[in-house]
Every structure is written in C-alpha cells, then in structure tokens.
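As structure tokens, the structure follows; a few thoughts come after it.
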Amino acid sequence: MRQIANYIIDDEPIARGGMGRIFRARDTKGNIVAIKEILPEFATDWSIIDRIEKEVKFLVRIDHPSIVKLYSAFRDEHTQCYYIVMELVEGLNIEQYVTRHGPIPEQQAVEMMMKILDALQCVHDSHIVHRDIKPSNIMVRPDGSICLLDFGIAKDLDNNNGNTIPGSILGTNGYMSPEQAAGYSINYRSDIYAVGCVFFYMLTGHHAFNTLSNEFETKDSIINDEFPKLSKYKKGISDVLQKVLDKATAKNMMQRYQSCYEFMSALSNGTNVSNISSRNMPVKISVGREMCDIIVNDSARKISRHHADIELKEFTGGKYYVFTDCSSNGTIVNRKSVCKTSVNIPAGGPAPEIYLAGVIEGHLDWNKVVEELDKRARAIQDAEDTPTEDDNTVSETTTISKPNEENAKYVEKDATGWLIAAYIFAILGGFLGIILGTVVATGKVEMVSGEKIYKYKSDHRRLGWGAAVLSIISMVVWKFVILV
Numbered sequence: 015m016r017q018i019a020n021y022i023i024d025d026e027p028i029a030r031g032g033m034g035r036i037f038r039a040r041d042t043k044g045n046i047v048a049i050k051e052i053l054p055e056f057a058t059d060w061s062i063i064d065r066i067e068k069e070v071k072f073l074v075r076i077d078h079p080s081i082v083k084l085y086s087a088f089r090d091e092h093t094q095c096y097y098i099v100m101e102l103v104e105g106l107n108i109e110q111y112v113t114r115h116g117p118i119p120e121q122q123a124v125e126m127m128m129k130i131l132d133a134l135q136c137v138h139d140s141h142i143v144h145r146d147i148k149p150s151n152i153m154v155r156p157d158g159s160i161c162l163l164d165f166g167i168a169k170d171l172d173n174n175n176g177n178t179i180p181g182s183i184l185g186t187n188g189y190m191s192p193e194q195a196a197g198y199s200i201n202y203r204s205d206i207y208a209v210g211c212v213f214f215y216m217l218t219g220h221h222a223f224n225t226l227s228n229e230f231e232t233k234d235s236i237i238n239d240e241f242p243k244l245s246k247y248k249k250g251i252s253d254v255l256q257k258v259l260d261k262a263t264a265k266n267m268m269q270r271y272q273s274c275y276e277f278m279s280a281l282s283n284g285t286n287v288s289n290i291s292s293r294n295m296p297v298k299i300s301v302g303r304e305m306c307d308i309i310v311n312d313s314a315r316k317i318s319r320h321h322a323d324i325e326l327k328e329f330t331g332g333k334y335y336v337f338t339d340c341s342s343n344g345t346i347v348n349r350k351s352v353c354k355t356s357v358n359i360p361a362g363g364p365a366p367e368i369y370l371a372g373v374i375e376g377h378l379d380w381n382k383v384v385e386e387l388d389k390r391a392r393a394i395q396d397a398e399d400t401p402t403e404d405d406n407t408v409s410e411t412t413t414i415s416k417p418n419e420e421n422a423k424y425v426e427k428d429a430t431g432w433l434i435a436a437y438i439f440a441i442l443g444g445f446l447g448i449i450l451g452t453v454v455a456t457g458k459v460e461m462v463s464g465e466k467i468y469k470y471k472s473d474h475r476r477l478g479w480g481a482a483v484l485s486i487i488s489m490v491v492w493k494f495v496i497l498v
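If you read the sequence shown in the numbering used here, its first letter stands for residue 15, the second for the next number, and so on.
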C-alpha cells in the first residue's frame with residue numbers, strides 16, 4: 015500500500031485504461047473510495063488537465079442513484095500524477111453480467127434499461143454528452159441497481175480546436191454512433207444510439223457490430239451496414255422491442271428518439287414507436303464553447319459551454335429565427351445586450367451581427383447558422399418521408415454517406431488503412447507505395463448527377479501524395495545509397 019495525499023491506496027489496480035489506472039483506496043475517516051490515477055505523461059499536459067477539471071466540476075454537481083459519484087480531483091507533486099476520487103462501485107458490469115448469466119430476460123432488461131436511460135437523461139440535462147456508452151461502463155450492483163460509469167474523463171481529449179466537439183471520435187468500436195464513426199459532431203442522440211447497442215447486447219449476448227481487422231473497416235461497417243435484428247441471435251423476442259430498438263439505432267439521428275425520455279416512454283407503454291412528426295419537432299441548434307452543434311471559442315473563456323440556442327420557426331408564407339441566450343455573460347445581438355432571454359431575427363434580411371459574450375472572438379457566422387438549421391430541417395423532413403415497417407415496405411434508413419440522393423452532400427471516406435499500407439511500402443522502397451498513395455490521392459466516385467468528386471478526405475489525399483513521393487525517394491535511396 016502507499017499513501018497519496020489523504021488516501022491509502024492499494025498496490026494493485028482494479029482496472030486499467032489507456033491513460034491511467036483505477037485503485038481501491040481508503041481516506042482518513044476509513045471510507046472506501048476509488049481513485050483514478052492519470053499517468054504522468056498525460057497529467058503534465060495542461061490542455062488535458064484543464065479539460066478534466068472542467069468535466070469534474072460539472073460532474074460533482076450531479077446527484078443521481080444510478081450515476082457514479084465524483085468527489086474531488088487533485089495533482090500529487092511527488093508522483094506527478096493527477097487523481098480523480100470517486101465512489102467505489104461494487105458488482106459486475108453488464109458485459110461481465112451477461113457473460114456469467116447469459117442474455118437478460120426481456121422484462122428484466124427493460125427494467126434495467128429504464129434505470130440507465132433515467133441516469134443518462136440526468137447527464138444530458140446538465141449539457142454533458144457521455145461519449146462512451148458501452149456494457150463495460152454500466153455496473154450492476156449486488157442489489158440489482160444500476161450505476162453509470164466513465165464520462166469520457168481522461169480519454170483522448172486533445173481535439174479541442176473549436177471545429178468539432180471535443181471527443182467527437184471517441185467511443186468504443188461497435189458502440190459508437192454512425193455520425194461518431196464518420197467524424198461528425200456528436201450530441202445526446204449519439205448516446206441514445208449507443209444505449210440502443212447496449213440494449214441489443216443485453217437481450218442477445220452479442221455485440222451489434224464486432225471490431226473488425228482494423229478501425230477503418232469497423233467504422234465503415236457501422237456507417238453503412240444494416241443494424242442486425244434481434245432474431246439473428248435470439249428467437250422469440252417481442253416485435254415491440256424490435257421496433258423500439260429500430261428507432262433507437264436509426265442511422266439518421268433525426269429518426270431516433272430525440273431524448274432519453276422518449277426512449278423510456280416507448281419502453282414503458284410498448285406502443286410509442288412511431289416517427290415524430292416533422293411539423294411538431296423543433297428545428298433547433300445549440301451554440302457554445304463545447305458539446306454544441308456550432309463551436310465558438312474565445313481565449314478569455316467568456317463564452318459558455320452551452321451559450322445559446324437558435325430555433326427556426328416557420329409559418330404560412332415565411333419563417334424567422336429565435337435566438338435564446340443561455341449564458342452567464344450574455345450576447346450582443348445587433349448592438350443590443352441579450353442575457354437569458356430570447357430575440358426574434360427575421361429571415362431574408364441582412365445577417366445579424368452576433369457576438370457571444372460580447373467579445374470579438376465570439377462573432378457568430380450567421381451563414382453557418384442558417385446552413386446548419388436548413389440541414390436540420392431537411393433531415394427532419396427526410397425522417398418524416400422515410401417509410402416504416404408499418405407501411406408494409408422495406409425501410410431503407412438514411413445513412414451518413416448518402417442521406418438523400420438528390421440533396422445530400424457526399425461524405426468523404428477515411429483512408430487510414432490504405433495510408434498505413436502505403437507508407438509501409440514507401441519506407442521499404444516498394445513500387446506499391448506509389449500505387450496506393452496515388453489511389454488515395456486521386457480516387458473519385460461518381461454521383462447520381464454524373465459529377466465525379468474525390469472519394470477520400472482532403473488531408474488523407476495530401477498524405478497519399480506524400481506516400482507516393484516518399485516511395486520515389488525511398489526507391490532512389492535504396493538503389494543508389496544502401497545497395498551500392
């Protein structure tokens with residue numbers, strides 16, 4: 015045993031992760047706790063620690079019987095490690111539980127899922143996205159109660175560049191949502207998809223999507239392959255649960271339950287599985303520093319994590335926008351201060367001048383706002399127009415790569431696997447490095463309109479050219495330097 019601050023920590027960890035370990039510990043009063051130790055190589059990265067401290071600050075305020083309780087966080091100067099003190103949860107995680115007991119009976123699985131969704135709704139109400147829902151992060155205590163663990167703290171948190179939600183490509187392969195796998199910004203509905211995957215595992219004992227030979231293939235399967243039916247692994251599960259699961263795991267997030275409450279309602283009454291009408295669904299986006307649809311950062315950190323909401327309102331013959339400030343420091347809209355209230359903005363007129371928190375860096379690109387809202391409105395309409403099983407038709411759910419043949423924008427593919435192979439051959443001086451690099455750099459696909467566009471992401475195309483050039487240089491070096 016060893017002592018860190020006011021805690022006596024066991025020598026052997028009870029769990030390990032990519033950035034640290036979890037130990038059983040005892041405080042000076044004899045209370046048993048769990049302590050997550052962030053390794054020194056990460057604990058000295060202030061961008062990571064700053065992010066962790068903000069997460070802890072939010073999570074310590076959450077008090078829910080089905081959510082692990084966080085107590086404090088601190089740095090130890092002697093070990094140079096960072097520590098997070100939390101409740102020690104006894105029992106089995108769902109993966110261990112299913113491995114030991116087999117698939118969970120329907121009624122028990124529904125009761126457990128209701129507790130999970132209730133806990134997750136509490137998290138979402140605090141404007142936090144879990145980002146890594148999976149069976150091993152949900153505990154079943156000895157008394158049968160549920161506890162949700164690991165809120166993305168101390169994961170790969172270096173993507174805080176203001177362009178996408180930090181941690182948007184986090185998540186365990188097989189449990190990340192299609193938009194998460196595609197590298198898009200994520201929100202609460204991404205968690206709902208992951209919970210649906212957990213529900214599938216609880217009922218069948220099988221993962222909906224297994225990890226394939228490489229990350230690219232796994233993500234491609236999540237994005238494009240049909241979500242498996244429960245009957246593939248277990249017969250006799252009710253049609254109602256299949257319909258609930260179909261909606262929770264729709265490829266198009268607008269076709270999913272829009273909150274955990276909706277998911278719970280469908281489970282409780284067994285009939286609430288129809289699509290939400292596009293006439294009743296709000297077309298709304300969020301703006302802020304983190305975990306919003308549009309990310310805006312400022313160096314002074316005056317912009318709130320969830321700073322404002324903007325909703326598109328339509329009426330016969332026109333439309334307008336409602337800007338609602340949710341922040342502490344307010345917003346300047348057309349030279350007027352708005353704080354915790356709403357202001358209407360007409361459509362079709364001059365773009366409003368909006369500065370979040372009243373700072374220059376907080377200038378909001380209104381064209382981007384309109385584009386995002388229009389995209390959201392089209393997605394809702396697509397969800398309304400998509401036929402369901404109740405129409406006695408085969409439902410082809412919208413995918414990330416092709417949400418609508420006429421209007422969708424093609425999503426450039428990830429070429430990580432090809433690039434790794436290209437660079438290996440490039441270093442070895444092989445001609446195949448030139449071929450693979452060129453294929454990634456120049457590969458195109460033909461759209462429905464006949465237009466040909468690049469298949470892979472722009473940064474991957476540049477890396478493809480790099481592999482081709484490196485292959486040529488490597489071949490010259492091998493021929494005239496090494497083999498001479």
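Quick reminder that beta carbons are idealized off the backbone N, C-alpha and C, glycines included.
With respect to the C-alpha of residue 17, the residue from 28, 40 and 102 having the closest C-alpha is 40. Below 8 Å, enough C-beta pairs join the stretch 37-55 and the stretch 88-105 to call them touching: three or more.
Taking 9 Å as the cut-off, the Cβ atoms of residue 74 and residue 105 do not count as close. Nearest Cα to residue 281 within the set 197, 432, 125 and 297: 125.
Minimum Cα-Cα distance from residue 266 among the listed residues 89, 62, 117 and 390 corresponds to 390. Here residue 274 carries a helix assignment [DSSP, helix/strand/coil].
Positions of the alpha helix (DSSP H) runs, each at least 4 residues long and wholly inside the stretch 84-119, are given as 108-115 in order along the chain. With contacts defined as CB atoms closer than 9 Å, residue 123 and residue 213 qualify as a contacting pair. No Cβ-Cβ contact shorter than 9 Å links residue 118 with residue 255. With fewer than 16 other CB atoms across the displayed protein chains lying within 10 angstroms of its CB, residue 332 is exposed. A buried status is given to residue 66, since no fewer than 16 other beta-carbon atoms sit within 10 Å of its beta-carbon.
Cα atoms of residue 346 and residue 316: separation of roughly 13 Å, rounded to the nearest angstrom. Beta-bridge pairing by DSSP links residue 34 to 52. With respect to residue 82, residue 161 sits close: the two C-beta atoms are nearer than 9 Å. Rounded to the nearest angstrom, the gap between the Cα atoms of residue 249 and residue 205 is 27 Å.
For residue 151, no alpha helix (DSSP H) run applies, since DSSP gives it neither H nor E.
With a cut-off of 8 Å on Cβ pairs, the stretch 429-437 is in contact with the stretch 229-239, counting three or more such pairs. Residue 40 has 22 and 46 as its beta-bridge partners, per DSSP. Here the C-alpha atom of residue 20 lies approximately 51 Å from the C-alpha atom of residue 251. In the structure shown, the three-state DSSP call for residue 300 is strand. Contact check for residue 394 against residue 190 fails: the beta carbons are separated by 9 Å or more. The closest CA to that of residue 145, considering only 163, 158 and 156, is found on 163. By DSSP's assignment, residue 326 forms a beta bridge with 297 and 335. The way I'd put it, the stretch 29-38 doesn't touch the stretch 77-93; fewer than three beta-carbon pairs between them come closer than 8 Å.
The residues 347 and 378, in chain order, have a CB closer than 6 Å to that of residue 368 in the same chain once the five nearest residues on each side in sequence are set aside. Here residue 345 carries a strand assignment [DSSP, helix/strand/coil]. Boundaries of the alpha helix (DSSP H) around residue 237: 229-238. For the set 376, 215 and 62, the Cα lying nearest the Cα of residue 312 is the one of 376. Residue 474 and residue 433 have their alpha carbons spaced roughly 8 Å apart.
Of all alpha-carbon atoms in 72, 491 and 56, the one lying nearest the alpha-carbon of residue 84 is that of 72. Residue 192 sits buried, since 16 or more C-beta atoms from the chains shown fall within 10 Å of its C-beta.
A Cβ-Cβ distance of about 6 Å is found for the pair residue 324 and residue 335, placing them in contact under the 8 Å criterion. Linking residue 337 to residue 352 through their CA atoms gives a straight-line distance of about 9 Å. Just so you know, the alpha carbons of residue 103 and residue 156 end up roughly 10 Å apart. Secondary structure at residue 357: strand, using DSSP grouped into helix, strand and coil. In the structure shown, residue 370 adopts extended strand secondary structure according to DSSP, grouped into three states.
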